[in-house]
Each structure stands twice: as C-alpha cells, then as structure tokens.
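Below, the structure written as structure tokens:
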C-alpha cells in the first residue's frame, strides 16, 4: 500500500488553530484542504507551519542544545526543507535518509548516522558523502566504522530501561555502561574520535525520572573515561518526547526543565554539549491521517461491538498500534450522533491487522462504508 503524503504550507495565523477535542492540533487550513478535495485515502496531510511551531517550541525548551530531527518520523522532503531552514540538524537511521537530507541541501556535517545497526557498505557510502558522526553500540559496528569511516566522531549508545514508555525499544539497541567504556577506549586507540554517549528512554516517555536515571549512570561513565584520558563532550538525550493523543501529557517545557535539572546535578563540574533527537514531538501533532471506512460488520446477532474496517492498518503505516501502544484520537463527520463500542481493524488478510480491540473506542452508530475517519 502506498501512503500518500499531501503537504500544505500557506502561512497560518493563530486564529486559524483549533483543537479536535483530544488535544491534537488541527488547523483550519488542513480541514479546508480535506473538504476541497484530497487524493485517494489513506492520505496523510501535514501542516508545515505546525512543524515549524513545534520545532521552535522544542528549541526554546532546550536552549543551547543541538536539535537533530529524527528523519524516520517523517522523511518527506518539504518537512526536511522546512526544518533545515529553521536550523535543525538531522538524525538519519539509514543511508537513504542520509541521501534525502543531502538532496535538499543539508550539509553533511549536520547529519548524524544514528542507527547502530548498519552495513559496512552503507557506512562507507555515508562517509564518502561527507558524514563524519556515527553511533555504535558493538565492537563489530565500531570496527566497521573504523574501516569505512576513519577518523570520524563516534558516540556509543547505552542500554536504558524504558519503564513507562508507550513504545519501548527493549534491549535491541545499546550496550552496558561497562562495555561502552571499553568500546570508547578502543575507539580512541583505532584513531576514531570518542565524542560522547547516547541513550533512549523509550518513545512517548512522560516521566523525567527515566532520563534522570540514565543521566546519573552516564555521568559516572564520563568520569571513568576521564581517568583514561578521554574527555567526552557530547551527551545525546535521544528522543521519546511525548505528545497528547487520547490523554494529556506533561508539557515539553516542564519535562525539559526537569531533564536539565538532572543534567546540572550530575554534570556540574563540566557541562557537555547537549544533543536531542525529537521526531514524534515535531511531526505527530502537525497533521492527520484520513482513512476511509471499507466495511462495518457484526460477527453475530446481538453483538455489542461492531467491527470497523479501515483502508489503512498495521502494515500501512500504523505499526505503533501493535499491542494498542499508541492510541490515536479518532474523528468522523458523524461525531454528533450516538456512538457505540467498536473493534477497529485494517484491510489486510492478516488476522493480526487489528488496530484496537481493548482500548475502549466508540464510533457513531450511523458510521458506514465510504465515510472518513
């Protein structure tokens, strides 16, 4: 399935902003665009002015930090161009994302190859394109970087617990702090430049204490490496910064203030350069996904819940609905009518393509095939 992205970017004034009732920002011009005629569904419509507004708000919440937009959140060129014009740098998770950034004029020194799982050939290609900042979390990847990108700056990702995150990364990424120390020492011996440490507390993380726990551990790591003559100067806070979906979450200013208090507490002797990799926070509230109802059905007489089948599902871009982790707010043009409980599913022939079964969604009883959600 092709997920079509429509981007609409005339200037927005404050009186054109309104809320959907769930805390998700919807602009009048996005609604007008949908009414005036949108391409076939599913269609993702993004307001670039909201992207700009979110970036500026995040930047103000973390003054002095380097913002690297997580390109994987949405790699559409107009979004990258907008953010580049605002001074953003970019966290690329693949060679393709590196190439997309370069294609819209981003300087290679403003790109971080932040994925710790990458092919040797991709490292070499990124290096040939001018990228000089790489993440790693294993001896093998470090050796590949040394071979294909000699002299580059490197930062090591450590494992952290993702307690409380709606979309945790488990232990797929990162290594133990003790291993990170040894690997960063090895990096210097190889002729690479040990630049810093990164971590990720899990996406849609609302608890500042999770950053605090990681920062306390990393401060000890910095001190231990200093005894080996290695003075790291980069602290990468990763991403995971939350937005409101069906429930309100802590404001970014409050969360950022708490995180910066932890940084001041644990790095009081020598403050490193702070790097952040927001993705969801920048893009998620900047638009909406329109989907068409394909089918409404009941499985037996007297069923209390209807099945609503949409033309977009788990495999069409909504992977974060797995285990009902991310619960998107839903709107229809029939929301003023009586509602009833539903199970929401995608269109594929896979039985696992069920978006929401247990999250308590209700949709209008009059909803029918051909309606938009």
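In my numbering, the protein residues as written are 2 to 374. Note that beta-carbon positions come from the ideal geometry of N, C-alpha and C, so glycine has one too. All values reported here derive from a predicted model rather than from experimental measurement.
State the beta-bridge partners of residue i as determined by DSSP.
i	result
residue 370	According to DSSP, which records beta bridges pairwise, residue 370 is partnered with nothing at all.
residue 341	364
residue 274	235
residue 134	154
residue 357	345
residue 291	44
residue 53	Answer is none; residue 53 lacks a bridge partner.
residue 297	309
residue 114	93, 135
residue 29	Looking at the DSSP assignment, residue 29 forms no beta bridge with any residue, so it has no partner.
Would residue i and residue j be called neighbours here (beta carbons separated by less than 7 Å)?
i	j	result
residue 69	residue 90	yes
residue 237	residue 156	yes
residue 292	residue 374	yes
residue 1	residue 343	Given that the chain is displayed from residue 2 to residue 374, the structure contains no residue 1 and the question cannot be resolved.
residue 220	residue 267	yes
residue 280	residue 230	no
residue 74	residue 284	yes
residue 130	residue 145	no
residue 154	residue 98	no
residue 128	residue 149	yes
residue 325	residue 360	yes
residue 87	residue 114	no
residue 71	residue 278	yes
residue 184	residue 143	yes
residue 330	residue 247	yes
residue 294	residue 370	yes
residue 132	residue 112	yes
residue 160	residue 172	yes
residue 282	residue 242	yes
Mind checking which residues open and close the beta strand (DSSP E) that includes residue i?
i	result
residue 90	90-93
residue 310	307-311
residue 48	44-48
residue 71	67-71
residue 195	194-199
residue 107	Neither: residue 107 is in no beta strand (DSSP E) and is coded neither H nor E.
Let's see if you can read the secondary structure: which residues bound the alpha helix (DSSP H) around residue i?
i	result
residue 225	209-227
residue 258	253-267
residue 182	178-191
residue 79	78-86
residue 159	Counting along the chain, residue 159 falls outside any alpha helix (DSSP H), and DSSP gives it neither H nor E.
residue 281	281-284
residue 140	140-149
residue 124	121-129
Our contact map puts residue i next to residue j with C-beta atoms below 8 Å; I'd like the distance itself, whole angstroms only.
i	j	result
residue 43	residue 313	4 Å
residue 141	residue 174	No, residue 141 and residue 174 are not in contact; Cβ-Cβ is about 14 Å, not under 8 Å.
residue 372	residue 335	7 Å
residue 93	residue 106	Residue 93 to residue 106, Cβ: 15 Å. No contact.
residue 176	residue 138	5 Å
residue 46	residue 289	6 Å
residue 356	residue 297	Rounded, the Cβ-Cβ distance is 15 Å, inconsistent with contact.
residue 126	residue 96	5 Å
residue 352	residue 315	At roughly 11 Å, the Cβ-Cβ gap does not stay under 8 Å, so residue 352 and residue 315 are not in contact.
residue 67	residue 275	7 Å
Check whether the Cβ of residue i lies closer than 6 Å to any heavy atom of the ligand HEM, and answer yes or no.
i	result
residue 296	Absent from the structure shown: the ligand HEM. Ligands present: none.
Looking at C-beta atoms only, is the number of pairs between the stretch 50-69 and the stretch 306-320 that lie closer than 8 Å three or more? no
Would you say the stretch 254-262 touches the stretch 57-64, given that touching needs at least three Cβ pairs under 8 Å? yes
Determine contact between the stretch 176-184 and the stretch 257-266, defined as no fewer than three beta-carbon pairs at a distance below 8 Å. no
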